[in-house]
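In this note's numbering, the protein residues as written are 33 to 330.
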């Protein structure tokens, strides 16, 4: 999971068990969609046994950590439900400390990076931690490449005398820009992109972002900008689709659409307010939301 040098180490074994748990979750969802509850129950029982045995074997009660305590060794068990509910807070705290303080960069190999990003973007939604890692201009931060005027992801961090100027293992962060910064993601309760989610993250010192993602229905767009606590959000929902749009705001009264009350806008239905966001169900169309209580630039 962290690179070829790990081979058949405990970290690799933990990674394999997490992959198995991830796949079992997919099997369970598929069986339920196909109307096969008995099959889903069989896989659910197998998943529960795997989660319990994996946690018992790899977890260290004293340190509240799995084996080596590296980023993926903490994130993957959290993501796949291997970590019991009563241990999640402690394990997550260790994960934050690891990626924020101990190793403030992406400490994974090509196999582990997609799973780390899925956890951080789609599950834990800690886009701010990822932004700090990617924005670092010193070795080995992605900003280091930009600082050295690279226009592709080279194979080596020290690039001056290396012939290989592009390396696919490093390109896995691309989804972060659309899925986290722009917040354009699939809806976990739906299939395909006929219904999708837009939940932009206004992180770090970013003052604007223009993001789009293609689908068979057309382009899904989220362009945002902020100044102080005022934010603007240009949203495009393609024909024959709907979206759940989460606007950063303290209260629904702080949100407008095209200059009017967002709750009364055509094609917009207010759903709820939670976790610093106001959530709307939005029909296909073009919308211009504003919020007067977005997070200020850090």
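Backbone N, C-alpha and C define an ideal beta-carbon position, used for all residues, glycine too.
Sequence-distant residues of its chain with Cβ nearer than 8 angstroms to residue i (five each side left out)
i           : result
residue 347 : Since the first residue shown for the chain is 33 and the last is 330, residue 347 is missing from the structure and cannot be characterised.
residue 234 : 256, 258, 263, 280, 326 and 327
residue 308 : 280, 281, 282 and 327
residue 34  : Here the model assigns residue 34 a pLDDT of 42, short of 50, so the residue's position is not dependable and the matter cannot be decided.
residue 64  : 72
Three-state secondary structure assigned by DSSP to residue i
i           : result
residue 258 : strand
residue 117 : helix
residue 217 : strand
residue 187 : coil
residue 277 : strand
residue 35  : Residue confidence is low: residue 35 scores 43 on pLDDT, short of 50, so the model does not pin down where it sits. Its coordinate-derived value is still stated next. Residue state, collapsed to three classes: coil.
residue 157 : coil
residue 208 : helix
residue 107 : helix
residue 44  : helix
Residue i vs residue j beta-carbon contact at 8 angstroms
i           : j           : result
residue 314 : residue 277 : yes
residue 205 : residue 186 : no
residue 275 : residue 230 : yes
residue 150 : residue 111 : yes
residue 281 : residue 316 : no
residue 236 : residue 184 : no
residue 373 : residue 90  : With the chain covering only 33 through 330, there is no way to say anything about residue 373.
residue 119 : residue 96  : yes
residue 249 : residue 210 : no
residue 269 : residue 321 : no
residue 82  : residue 55  : no
7 angstroms Cβ shell around residue i - same chain, five flanking residues per side excluded
i           : result
residue 146 : 204
residue 242 : 255
residue 193 : none
residue 214 : 232, 241, 243 and 254
Residue i beta carbon near the ligand NAP (any heavy atom closer than 7 angstroms)
i           : result
residue 325 : With respect to the ligand NAP, the structure shown offers nothing to examine, as it has no ligands at all.
Beta-carbon proximity list for residue i, same chain, < 6 angstroms, skipping 5 on both sides
i           : result
residue 142 : 201
residue 168 : 175
Nearest-angstrom beta carbon gap, residue j and residue i [assumed within contact, 8 angstroms]
i          : j           : result
residue 99 : residue 138 : Actually they are not in contact, since the Cβ atoms of residue 99 and residue 138 sit about 19 angstroms apart, beyond 8 angstroms.
| request: Write down every uninterrupted run of the beta strand (DSSP E) in the region 264-308 whose length is 3 residues or greater and which is fully enclosed by it, in chain order. | output: 287-289 and 300-306
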